[in-house]
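Report on one structure; see the data block that follows.
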Amino acid sequence: MEPIFTPEQLAEIKAYHLPLYIRSAVSPFIYLGVLALILGVLVRPFYRWSESCAAWLSQRLAFLRTAPVSRAFVKAMDRLWGEPGWGAAIFFALLVNLFIELVHVPATIYFDYVLEHRYGMSAYTPLRFALDELKGVTLQGFATLALVLGLYGLARRVKRWWLVLGIPSALLLLVSSALDPYRNQVYFEQTPLEQGPVRERITALMAQANIPFQDVRVEKTSVASKRLQAYFAGQGPTRTIVLNDVILQELAPEEILAAVAHEAGHVHESKWPGRIASSVAMLALLFVIDRLLRLSASRGWFGTTHFADIRTLPLLWLLSFFIFFLSNPLSAAFSREREREADRYALQLTQDSDAFRRMLVKAARVNKMDPDPPRWVVLKGHSHPPISERLAAVPPSPRKRAPAGGTPFVTEPSH
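Below you can see the structure in the form of structure tokens.
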């Protein structure tokens, strides 16, 4: 098999990935530095500004406390929070979140826009890029508000809040993947794959694999990215096969089937042990947060005056960072093993190693995958094995029987 890249292409791949590797090495320390700055210096002024903004807004919008509809909302918030101050808590949480986002704006613009355009990986216009980033910040803001009102509000009202919040959250986590088909539609338009040979062959392949599904949809990501992608979203009645429009342009039908077969391998994984472990871990994390909030209140950290003081929010970000940073190498190792199993499943399902190899090679070329990334990068958090390793694991094509008196031959993969 010919090399995945020419020497010129490989040099470009290495140049493209070098800044990403530097970012991977440096970004944890930058994030830690930002959190240290917030906790050590900015918590008190941020909270004072939040109180001032909430007081000013409360005066200007005092009529909301008596208006027919809004007064019910205000009373519910007062009751949830248990005392005045929920407005300041919301402002503080949003201010901290916005500060962290603003610190990362230069890196976001460079890595997600400038670098991607420089190496031909992005189709973003400046306007669409800005709009998608704004969507992300908005969704992050709503998630922060849910955390503030759900976690801090409940912690103020219920003694064993971590059980009251943790058990339903853990149960929700078990079935949350059913909503996956709808999440990416926030960013990209999806349409059903048109009737034709590709759809028919995917349907037949899924029948062979005994995988029921709701639909095959095309995600129009080419407006933002040149990368090809395929994935399964949802579970049970919401399970959907999603192909982006780039994969339909770049791969032949047999290669698309190989990609879908790989994703089908993930469907057959035993997911419940992982989901149960994640649910238990969430419950344990909430208990640890409860202990941390009580310790902060008893020692008056960051100017806190009582239990579940919103000023401890950056401390929870710090706790989350360490949990993610320490657990990510382990979870990534499990992910790489699942990818290897999915590769083996796809080869067994399709019995077409040529098409599977071509699919991997084309994916590597289109997505500019580094065939030999630094080992520390892989161990730190790569969810997939290096493409060179995956290709080496693909068995050679079976020898075909030549006509009588002829010479045996091997079907060579095309590229």
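1159 is the number that the numbering used here gives to position 345 of the sequence shown; each next residue is one higher, with no gaps. Glycine residues also receive a C-beta, built at the ideal position from the N, C-alpha and C atoms. Since the structure is predicted, the reported quantities are computational estimates derived from the model, not experimental observations.
Check: Note down the Cα distance separating M815 from F1027, rounded to an integer number of angstroms.; Outcome: At M815, the pLDDT of 46 sits below 50, so the modelled position is not reliable; the number obtained from the coordinates is stated separately. If I take the Cα positions, the gap works out to 36 Å.
Check: Output the residue ranges of the beta strand (DSSP E) runs that lie fully inside the region 1152–1204 and measure 3 residues or longer, sorted by chain position.; Outcome: none
Check: Using the beta-carbon count (16 or more within 10 Å), is A1047 buried or exposed?; Outcome: buried
Check: Less than 8 Å between the beta carbons of A1073 and L1065, yes or no?; Outcome: yes
Check: Are the CB atoms of A1160 and F1170 within a distance shorter than 8 Å?; Outcome: yes
Check: Determine the burial state of E1153: buried for a count of at least 16 other Cβ atoms within 10 Å of its Cβ, exposed for fewer.; Outcome: buried
Check: Between P940 and A969, what straight-line distance do the alpha-carbon atoms span, to the nearest angstrom?; Outcome: 42 Å
Check: Would you give the residue range spanned by the beta strand (DSSP E) that E1033 belongs to?; Outcome: 1029–1033
Check: F1046 bridges to which residues according to DSSP?; Outcome: I1055
Check: How do the region 826–842 and the region 864–884 stand: do at least 3 beta-carbon pairs fall below 8 Å, yes or no?; Outcome: no
Check: Using the C-alpha atoms, what's the distance from L1107 back to M891?; Outcome: 21 Å
Check: Counting only the same chain and skipping the five closest in sequence on each side, list residues whose C-beta sits under 8 Å from that of E1033.; Outcome: N998, F1002, E1003, Q1004, Q1043, V1056, L1057, N1058, D1059
Check: Mind checking I904: buried by the 16 CB within 10 Å criterion, or exposed?; Outcome: buried
Check: Do A944 and V1037 have their C-beta atoms closer together than 8 Å?; Outcome: no
Check: Let me make sure I understand the geometry here. Which of G950, E1083, A1021 has the alpha-carbon closest to that of V1000?; Outcome: G950
Check: If you follow the alpha helix (DSSP H) that T1017 is part of, which residue opens it and which one closes it?; Outcome: 1011–1023
Check: For I1070, count the other beta carbons within 10 Å of its own beta carbon; 16 or more makes it buried, fewer makes it exposed. Which is it?; Outcome: buried
Check: Could you check whether the region 1123–1137 touches the region 1013–1031, counting it as contact only if at least three pairs of C-beta atoms, one from each stretch, sit closer than 8 Å?; Outcome: no
Check: What does S936 pair with, by DSSP beta-bridge criteria?; Outcome: S1039
Check: If contacts are defined as beta-carbon pairs under 8 Å, then P1200 and V1208 qualify, I think. What distance do you get, rounded to the angstrom?; Outcome: In fact, because the Cβ distance is near 14 Å, the residues do not count as touching under 8 Å.
Check: Thinking just about the alpha-carbon of each residue, which of L1062, G1050, K973, V972 is nearest to the one in R1013?; Outcome: L1062
Check: Along the chain, where does the beta strand (DSSP E) containing T880 start, and where does it finish?; Outcome: Element bounds for T880: n/a, residue is neither H nor E.
Check: CB M1096 to CB G967, shorter than 8 Å?; Outcome: no
Check: Which residues in the same chain as A1078 place their Cβ atom closer than 6 Å to its Cβ, once the five residues preceding and following it in sequence are excluded?; Outcome: A1023, I1025
Check: Put A829 into one of helix, strand or coil per three-state DSSP.; Outcome: helix
Check: List the endpoints of the continuous beta strand (DSSP E) containing T1005.; Outcome: 1004–1006
Check: Among the residues of its own chain, which have a CB less than 7 Å from the CB of C867, if the five just before and after it don't count?; Outcome: F905
Check: Would you report the Cα separation of K1182 and S1149, rounded to the nearest angstrom?; Outcome: 21 Å
Check: Which class does R1105 belong to by DSSP, given the choice of helix, strand or coil?; Outcome: helix
Check: Around the C-beta of I1090, are 16 or more other C-beta atoms found within 10 angstroms, so that it is buried, or is it exposed?; Outcome: exposed
Check: Less than 8 Å between the CB atoms is what I'm expecting for T1017 and R1031, so what's the real figure, rounded?; Outcome: That pair is no contact at about 13 Å.
Check: Which residue marks the beginning of the alpha helix (DSSP H) containing F906, and which one marks its end?; Outcome: 900–917
Check: So what does DSSP say about S1211, is it helix, strand or coil?; Outcome: coil
Check: Would you check if the distance between the CB atom of T958 and the CB atom of N911 is smaller than 8 Å?; Outcome: yes
Check: For a test of the three-state rule: what should DSSP assign to V972, helix, strand or coil?; Outcome: coil
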